[in-house]
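Residue numbers (this note's numbering): 336 to 779. What follows is a set of notes on a single structure, which appears directly below.
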Amino acid sequence: MLIHDAPGSSTSPPDPPGAEGLRERHFRPAVIWGGIGAAIVVLVAGQLMSVHIHALGPLTSLFRDYAGVPKSATTPWAGFLLALIGITARARVNALAAAVVIDLIFVAIRTVDGRPFTVGNGPTIVLTAVALIAALRWSGIRRSTALRTIALGALLILATKVGEIWLDITAWACPQVLDSYVEVADRALGSPAWVVGHALDIAGPVPLGIVRWVYFELPVAAIVVAAWQLRRVTTGVWPSHHLVRTFLVLGLVGPICYVLFPVVGPVLAFGPQGNGLELADVWPDLVPALPASVDSMPFDGITPRNCMPSLHTAWALSLFIHSRRGPLWLRWGGAFWLVCTLVATLGLGAHYGLDLVAGAALCLTVESALRDPERGWDRARVTVMTLGVAVFAGVLLCTRYLAIPMATYPAPFGIVILGALTALAIVFYRTWFADRPGDRVSPE
């Protein structure tokens, strides 16, 4: 993506005669309708599941974005701004103004009714209108580019809706959580959630407020990076890879582990937000005594089991990676967002240190699968992906089956875990980033 910003063209040449042209004409409509059909199936399935477990379904949540109180104020605007990248400047200004006006109208209505303040209706409504206008009235490269960025924006919004019901499913499907294992095993890394959480308590409200805002507004930074990468698409120039692809794939793959390795986090399992279900209210002041054995612990049917791996870490790392070949302000912004996100994931008690290691390994693996598609599946790509899978699986297996030895002998286990992640990062860098002759692993 930013590392290899060698863009390809999305301009469609005239259809050649013969089979090639026929394939081109029939392939793209099939992909479009297939994607729409798959999205409808997933949304309907999520809605039916939400009825079964008495949760907010994706279709209900989407309806609220149109005519009710949006669950998220950030996501509709993030998807909308991403969609605007692919339309002309004049259409962009008109769409943005319409979205702001509609949002203000909804805010006024909610204020009169005494309902909570939020935004998000305007961008959802205008995004739908722009999609219909592009599909029915525009033509050629203008239509193709607009629909492509609109699809990316819509996917970002719909993926969030599906993700919300999936989090509810993890709570319903996993009555037991494995926080006891992770807390004990995390001593191999020095119990970083306790260290950083205590440091943030000492630092005071300003640093805490900064990292909290960065943690929850990750989509804002993602849209900035994606907008820079896709800045030339209105002229038909598309990058071969961009941040949105990585974000969406991470959001698809990562949550599968939530039901395979359910964890709620130290602030809930060992802290003041456990509502009586915590093992001990000691986070972040005191690391619990090392138990003789570990076992799973019951937790409520509401709290998402969304800690292992840390997708916030994976997303922030992918944002950092995709900002590396941008201008100086973008590179510094990517580094700032990564550091603050790592501090927040630990300091807010949302994750253990091993969650971050697993999230980083997942990010580097997924990024290696998507980057430089024109390069093909050469040995270098397969090598870094294999190493990434090994590190990810190794962290989960060691945490589940070697927690007590990891806490008993923290130094060797900590060196192995951090050494494996460092080796993965080095291989990743040499495969995708190194520019000096002899440094970069060449494709075969």
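We put the CB at the ideal spot given by N, CA and C, even for glycine. Since the model is a prediction, treat every value here as computed from it, not as a measurement.
For residue i, the first and last residue of its enclosing alpha helix (DSSP H)
i	result
tryptophan 412	409 to 419
aspartate 620	Neither: aspartate 620 is in no alpha helix (DSSP H) and is coded neither H nor E.
lysine 496	475 to 508
asparagine 429	424 to 448
alanine 696	688 to 705
histidine 647	646 to 657
glycine 668	663 to 682
threonine 569	From DSSP, threonine 569 is part of no alpha helix (DSSP H); its letter is neither H nor E.
threonine 459	456 to 471
Three-state secondary structure (DSSP) of residue i
i	result
leucine 357	For leucine 357, the predicted model reports a pLDDT of 35, less than 50, meaning its position is unreliable and no value from the coordinates is stated.
methionine 384	helix
proline 393	helix
phenylalanine 362	Only weak support exists for where phenylalanine 362 lies, its pLDDT of 39 falling under 50; the coordinates are left without a value.
proline 747	helix
valine 512	strand
proline 542	helix
arginine 580	helix
methionine 643	coil
proline 607	coil
proline 633	strand
glutamate 552	coil
proline 405	coil
tryptophan 529	helix
proline 451	coil
Within 8 Å, strictly: CB atoms of residue i and residue j
i	j	result
glycine 600	cysteine 642	yes
glycine 682	valine 531	yes
aspartate 536	proline 619	yes
glycine 381	isoleucine 500	yes
leucine 482	alanine 469	yes
leucine 397	alanine 556	no
Residue range of the unbroken beta strand (DSSP E) whose run includes residue i
i	result
tryptophan 573	572 to 574
Residue burial classification, residue i (beta-carbon count within 10 angstroms, cutoff 16)
i	result
isoleucine 761	exposed
arginine 716	buried
asparagine 610	exposed
glutamate 702	buried
histidine 361	Summary for histidine 361: the model assigns pLDDT 37, below 50, so the residue's position carries little reliability; its value from the coordinates is reported in the next sentence. Flag for histidine 361 reads exposed.
phenylalanine 551	exposed
alanine 494	buried
phenylalanine 452	exposed
The ligand FAD heavy atom lying under 7 Å from the CB of residue i
i	result
alanine 506	Ligands are entirely absent from the displayed structure, and the ligand FAD is therefore not among its contents.
- Sufficient close CB pairs (3 or more, under 8 Å) joining the stretch 387 to 396 to the stretch 503 to 511: Yes: at least three Cβ pairs fall under 8 Å.
Quiz item: Hey, is the stretch 686 to 700 in contact with the stretch 517 to 533, meaning 3+ C-beta pairs nearer than 8 Å?
Solution: yes
- Query: Given 8 Å as the limit, is there contact between the stretch 751 to 758 and the stretch 691 to 702, that is, 3 or more CB pairs closer than that?
  - Reply: yes
Practice item. Check whether the stretch 416 to 432 touches the stretch 548 to 564, counting contact only when three or more Cβ pairs, one atom from each stretch, lie closer than 8 Å. Key: Three or more beta-carbon pairs drawn from the stretch 416 to 432 and the stretch 548 to 564 are found closer than 8 Å, and the two stretches are therefore classed as touching.
Could you check whether the stretch 582 to 592 touches the stretch 644 to 656, counting it as contact only if at least three pairs of C-beta atoms, one from each stretch, sit closer than 8 Å?
yes
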